[in-house]
Amino acid sequence: MQEKIKVGIIGFGFMGTTHYGVYLHHPLAQVVAMADVDSRKRSGDISAVCGNIRGGDNSKPLDFSKIKTYADGMELIRDQEVDLVDICVPVYMHKQYALAAIKAGKHVLCEKPMARTSTDAAEIAVAASKSDKVVMAGMCVRFWPEYAHAAELIKSGRAGKVRSATFKRVSPDINGNGWENWFMKSELSGGAILDLHLHDADFVRYVFGMPKTVSAFGVKGVRSDNGIDHVMARYDYGDGALITAEGGWDAGRGTPFEMSFQVVCDKMTIRLSETGYKVIHADGKVECPQVGSPEQPTGWHQEIDHLLKSIRSGRKPDMELDGVVEGIRLVEAEIKSIDNNKTVTI
Ligand SMILES: NC(=O)c1ccc[n+]([C@@H]2O[C@H](COP(=O)([O-])OP(=O)(O)OC[C@H]3O[C@@H](n4cnc5c(N)ncnc54)[C@H](O)[C@@H]3O)[C@@H](O)[C@H]2O)c1
């Protein structure tokens, strides 16, 4: 039997615990270490962890008696047993751990946004390009079953010419959710436009390429200090198609989290909504494709499966980090558009 890939997770909040749950059930992985500055999390008490979308059950304490626990993520990176470092700390700390883990010759999964700025993300991408290990960013929406299916229909040309596309990601207020409330400190998190809406901006770039211009509108400081808490963006490709995305975390607590899209193409309309995932063909036939699987229902499962299989097979993962950097650059262009009330040429 082949040895399992030994995983160490830095940051055991919402994403760290979610990834942990995925690795626990994956036949290729074994979590051997975790690092967190919070001693309660190191003791296995994750009751304070919460997120805006379905994660795991945090009510029961985790048993860390068989894994190593570190207060310092750099110690985990130095741990010889760890093959794969999974970075789930707040975004403003990603760069230091990602660069250190790459330098230490580890495989790396770095949560999204890969870094706080596109310049920092580009530094990680350059370091990764010199490594013979697998380095991925947690752009889980590209792997989310409905999104991955839609991307394939569009990119392969099977859907036909794209006429309009709209993506939406709205979250209830998450004020108070993260460690030391870092999400609400826009210097640290980048606000909802970077932390949340990046998923859709990245997906737009991944599927349609970089637009020629972007025009965005936003509202600031509703929940966070002065970050963009809600954004609407239009991506112009100069081909007549109307491509937009909306995202925000300004809705009141208790508002259901929503991620949805509709892409209208000549041969089909592809739609994810509250009523499920549907492909509506030009002749009116409605198909409800079964995507994902009971074992791997979410993009987090699919992304980590892809990562582990890439490591095991030695194949490059289907994720160019330069493209991930471009996604952050696109969000930065949106921020510029909002701040200057102007269309920005990319
Ligand atoms: N892919 C997704 O769907 C998704 C969803 C939510 C969050 N995220 C991303 O995951 C990352 C973490 O977000 P989160 O929601 O888990 O935040 P969180 O605040 O819930 O968790 C952060 C954790 O990091 C720990 N920490 C802080 N400083 C540390 C340090 N120096 N060393 C070790 N641990 C440290 C905290 O104690 C906490 O447990 C962010 O980049 C966020 O944008 C991604």
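In numbering that gives the first Met the number 0, the protein residues as written are 0 to 345. Cβ coordinates follow ideal geometry from the N, Cα and C atoms, glycine included.
In terms of Cβ geometry, Ser259 and Leu271 form a close pair [threshold 8 Å]. For Leu61, no beta strand (DSSP E) encloses it, and the DSSP letter there is neither H nor E. In this structure, the CA atom of Gly7 is about 43 Å from the CA atom of Thr342. Between the stretch 213-222 and the stretch 248-262, the count of C-beta pairs closer than 8 Å reaches three or more; the two stretches touch. By the Cβ rule, the stretch 194-202 does not count as touching the stretch 284-292, because fewer than three pairs are nearer than 8 Å. Under the 10 Å beta carbon count, Gly190 is surrounded by 16 or more other beta carbons and is classified as buried. Rounded to the nearest whole angstrom, the CA to CA distance from Arg157 to Lys266 is 8 Å.
Straight through space, the alpha carbons of Glu273 and Val213 are spaced by roughly 28 Å. By the Cβ criterion, the stretch 86-104 is not in contact with the stretch 298-307, since fewer than three pairs of Cβ atoms, one from each stretch, lie closer than 8 Å. Assignment of Arg115 by DSSP, reduced to helix, strand and coil, places it in the coil class.
According to the DSSP assignment, Glu2 belongs to no alpha helix (DSSP H), since it is labelled neither H nor E. Within the stretch 175-257, the complete alpha helix (DSSP H) segments at least 4 residues long are 185-188, 190-194 and 197-207, listed from N- to C-terminus. Counting only the Cα atoms, Ile334 lies some 27 Å from Trp299. A distance below 8 Å separates the beta carbons of Asp35 and Phe11. When the Cα atoms are used, Ala126 and Gly322 turn out to be separated by approximately 15 Å.
For ligand 1, no non-hydrogen atom lies closer than 7 Å to the CB of Glu286. Per DSSP, Ser155 lies in no beta strand (DSSP E) and is assigned neither H nor E. Between the beta-carbon of His106 and that of Ile310 there is about 5 Å, and that keeps the pair under the 8 Å contact cut.
Two segments are said to touch when three or more pairs of C-beta atoms, one from each, lie closer than 8 Å; by this definition the stretch 77-84 touches the stretch 100-114.
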